[in-house]
Every structure is written in C-alpha cells, then in structure tokens.
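Residue numbers (the working numbering): 43 to 557. One structure is given below, encoded as structure tokens.
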Ligand code: CA
C-alpha cells in the first residue's frame, strides 16, 4: 500500500499513519524515514528530528511545541506536545471590503416542500412545541398516541416530533443571556421542515409565555380564527376535566395540522434552497484529511449553486481565528466573528476552563493531540468560500452563501442551534463513530476512515476514508457527497439514523442563570 503516511502540507514535520492496523517499528516510509517504534492508525510520526521547543507542524501550521527532543520516525504522543497559546483576537487584522466572486454552478435541483414563507423543507414533520419542561410528559404521551392513531391516516407526513426542552421556568428569564434559549425555541418552530404549522403545549403559570413563542407574521387580517389562541393549549385551562381531556385537546389541534401537512407535495426546487449545517463529532486525525475536506468541497459546490452553508462550533475554530477572519466578506462581519470568539472566551473563563477542555479522550486515542490540531482539521469543512455572515447562537440564517453560526461544539447543542438557524440538511463528520441523529432534519453521517465506515456499515452513510487510501480524490468525494445531499433532501434516499430511528433530544444552550 502506497499511502502509509499522509502529509497535508510541504512545511509539515509530522505525517499521519493511515494503515488500519498502524505501522510496525522498522517500517521505512517513502521519504526514507525509518520508524523507531510502532505507531497506531491516525497517530503522528516525526518526519525529521525536532529539537526541544521547536514547532510541530501539521496543515502547514504550528499545532504545538516539542517537549524535549524527538528523533525522526518517532511517535508524537500527546505528552510530547506543549499547547500553544491561542491567537490574540485583538491582534487579528480585519479584512477589507470585497466583492463576492464565485463561479456559478447551475442546473442542480432537489425535490422539496415549498413553504409560504419562501423556505423549503426536506421532510414533512409536525412539530409540537412546548413552553416548559413541566409539560414534556404530556407531549411525549400524546405524540405516541398521534403516531399510533392519527399518523397512518396522513401518509404524506413523515413524523410527529415533540419539541421538548429543559427551559421555560425556574430560570432568570430577564437575564441578558436568556435571549439565547428563548430565540432558539422560537426559531425552531419556524424550521422549514415543519411547514409553517405551529402548535404549542403550555402549562399556564410558566415564565416563558407560549404566546411569545409563536411567529407574529402568519396571522391573516380579517381571519375569524385567532391563530394565537388556536395554536396554544394550556394544561391549566380550567375547561379541562382531567388528563384525558387535555390529551383529546392536543389530538384535535394536531389533526387539524396533519390534514394541512398531508396536502404538501414535493416540487422541483433549485439547489440554492439548501440550507446545510456542517458539524463534526467524535473526530479523529483522519477527520481533517478525509471527511472534513470532502464536506468542505461539497460546501463550496452548494455555495456556488446559490445555497446556504453553516459551520459552527466556536471552541473548535477558536485556534484558527486568524485563518477565518481574513475570509470574512467585510470588516463588520470580521468583527462579528471576533466578537463571538471573545464572548465564548469569556464564557469559558467564567467556568474556569479554556478551550483545551474541548478535546475528548476519544479524540486523543484517535490521534488528535490537542485543540489546535482539532481546530485546523475542523475548519476545513467550511470549504474555501468567503464568510458572508455571522450568527449568534440560536439566530435565524439571513444570507445565502457561507455563514458562521456560533454554537458550542457539543453535538446535540450545536445541532439544536443549527436547527433553529433554519437548516434543512445536516452533514455530520465522525472518525470515532457517533449514532447522532435528529428527527426534524436528515443527518448524513460521514465516516472519516474506512475501518469505522465498514464496522458501522448500517450507521454511517458515506465513507470518506477512501481519500486516505488514495482510491478517491477529495474532489470526487466532494461531488459524491453533494449528490447524496440532493438525494436525501429529495426524500429519494433515507439516512441511517432515520432508518434505525436513532434521534437525539433537542438540547438548548442556556448560558443564563437558573433561579
Ligand atoms: Ca460537535
């Protein structure tokens, strides 16, 4: 096998072992380096001598400094690397204004559900919102009943989803940071896959008022029906005698909406209607050379086709801030990106941690030594397009093109926030393996290495590991992923987590205090 070690940049003084069984001591690499010890798959090997304190370079960037001398052919274990300080946000220069110049990509379409607000859905789902955790039991009880008794009568509706969460009461609702969970819940309701059909189960005495969660605009003038009143059911409503009447009330409200959703039909929509959220979880050293570059290539194709792509996960891009700010379209967006990073630095500092708390034990076993190496591999999934906008956590997407949507890197929190931002497709890269899925939006899971993709044959949708073995190029895999995104968005192909029914809970980001 030729590709025993992958080197991403000419300046690199370490390479990544790609063989699935690792490389034994004594292996001689193409450049003549002889391994002085055995090195597992995904881990780094020194390509020349590295002096004490010298830069360790991967992706052409410093990922750390050598703790002591290293010989050529040595295993670069995490304990041998000192973490560099993150780039000073204040010292990063803002970009000049520039024009967007993209080579247009035309003629690509998918079969989606057009919504009255102009957005396009990729699934047809009834979302039942809740204003407070107190009602989660009712919501879950009634959703089971709806699935059993009503859903079979409405075959065009894919699913019924209870949008339960931990917020709503016992929280400092007027704290400045409360805006984050509140707008997240509010914006999730308008995700394109819910078709504009809104209903909320409230308790009655909670701090978060259900009437404040409902979008104001769809209320038609002269409509006899007051949308607000007919879209909210309060458990404490005095007309209900006992639990069963509440259940019947929710069922009736749900059935009215199922009838409308059932009339939705897929239509041909341009690829410019895609809103793709990119995320990774359970990353390994391959993520940055296979899965993320393929996703980045697909991201560029979507942007060229006029669509929207989001990337997120502040702690995983923080160490690459100096590479991202120059990619923003003007000084205002550059500043907005820096402000989100600064906000997160302060947030972590309050908890007496820093971004180094991000790397998980699995990341390290997979060969990712620290957060700097992880970040350099992580930003690759954003592709090469200019960054046209920056969103705060839970904000709704505003622009076509590439947006940085600030979120924590935690998989379910990031997914929940991207759902609020309005994604209609989710692409999730993993190296260690994650069963992650969302019920509201299809999640394409991309495996970074073939060993995982084969072992998890029914959990992974797309094997990007063929890039490491040299069987396919990043470009080929990027196109294949782009086509898979269109097929899944069209409902032609089902993703693994939907086939298996593996769906994670929505998890809100609440940086505010509880009371
Ligand atoms: Ca993540």
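Glycine included, every Cβ here is placed at the ideal spot set by N, Cα and C.
Could you compute how far the alpha carbon of residue i sits from the alpha carbon of residue j?
i           : j           : result
residue 272 : residue 306 : 21 Å
residue 105 : residue 126 : 7 Å
residue 363 : residue 227 : 29 Å
residue 135 : residue 375 : 12 Å
residue 524 : residue 343 : 7 Å
residue 356 : residue 451 : 6 Å
residue 235 : residue 535 : 16 Å
residue 279 : residue 245 : 8 Å
residue 412 : residue 509 : 23 Å
residue 475 : residue 494 : 7 Å
residue 288 : residue 277 : 6 Å
residue 166 : residue 201 : 7 Å
residue 396 : residue 81  : 30 Å
residue 283 : residue 420 : 54 Å
residue 144 : residue 433 : 22 Å
residue 122 : residue 110 : 7 Å
residue 428 : residue 158 : 30 Å
residue 499 : residue 83  : 20 Å
residue 217 : residue 238 : 29 Å
residue 50  : residue 350 : 28 Å
residue 187 : residue 547 : 19 Å
residue 435 : residue 465 : 14 Å
According to the neighbour-count rule (16 or more other Cβ atoms, all chains shown, within 10 Å of its Cβ), is residue i buried or exposed?
i           : result
residue 70  : exposed
residue 482 : buried
residue 391 : exposed
residue 266 : Its pLDDT being 48, under 50, residue 266 is placed unreliably by the model, and the measurement read from it follows with that caveat. Its Cβ having fewer than 16 others within 10 Å, residue 266 is exposed.
residue 142 : exposed
residue 48  : buried
residue 399 : exposed
residue 541 : exposed
residue 479 : buried
residue 501 : buried
residue 468 : buried
residue 298 : exposed
residue 128 : buried
residue 503 : buried
residue 458 : buried
residue 360 : buried
residue 354 : buried
residue 497 : exposed
Got a sec? Which residues, its chain only, sit under 6 Å from residue i by beta carbon, not counting five neighbours each side?
i           : result
residue 76  : 70, 115
residue 223 : 209, 550, 552
residue 213 : 556
residue 53  : 99, 102
residue 372 : 139
residue 206 : 172, 178, 181
residue 291 : 275
residue 470 : 321, 478, 485, 487
residue 544 : 477, 479
residue 176 : 245
Using a threshold of 7 Å, is the CB atom of residue i nearer than that to any non-hydrogen atom of ligand 1?
i           : result
residue 437 : no
residue 323 : yes
residue 456 : yes
residue 415 : no
residue 399 : no
residue 448 : no
residue 355 : yes
residue 453 : yes
Can you give me the Cβ contacts of residue i inside the same chain, cut-off strictly under 7 Å, excluding the 5 residues immediately before and after it?
i           : result
residue 440 : 431
residue 410 : 325, 326, 327, 401, 416
residue 97  : 104, 107
residue 461 : 230, 233, 480, 482, 483
residue 300 : 168, 192, 196, 199
residue 347 : 147, 150, 313, 314
residue 329 : 322, 419, 471, 473, 490
residue 94  : 108, 110, 111
Suppose the cutoff is 8 Å on Cβ atoms and the five residues either side in sequence are ignored; what does the same chain contact list for residue i look like?
i           : result
residue 46  : 59, 60, 61, 65, 69, 71, 72
residue 264 : Low local confidence applies: a pLDDT of 48 at residue 264 is under 50, so the model's placement there is unreliable, with the coordinate-based value given in what follows. Excluding residues within five positions, none has a Cβ falling inside 8 Å.
residue 379 : 363, 366, 367, 370, 429, 432, 446
residue 63  : 83
With 8 Å as the threshold, decide whether the Cβ of residue i is near any Cβ in chain C.
i           : result
residue 237 : This model lacks chain C altogether; it includes just one protein chain.
At a cut of 8 Å, does the segment 153 to 170 reach the segment 378 to 387 through at least three beta carbon pairs?
-> no
The segment 96 to 116 / the segment 77 to 88 touching (three or more Cβ pairs under 8 Å) | yes
Cβ contact (3+ pairs, closer than 8 Å) linking the segment 338 to 353 and the segment 511 to 529 = yes
Below 8 Å, can you find three or more Cβ-Cβ pairs linking the segment 188 to 207 to the segment 245 to 259?
-> no
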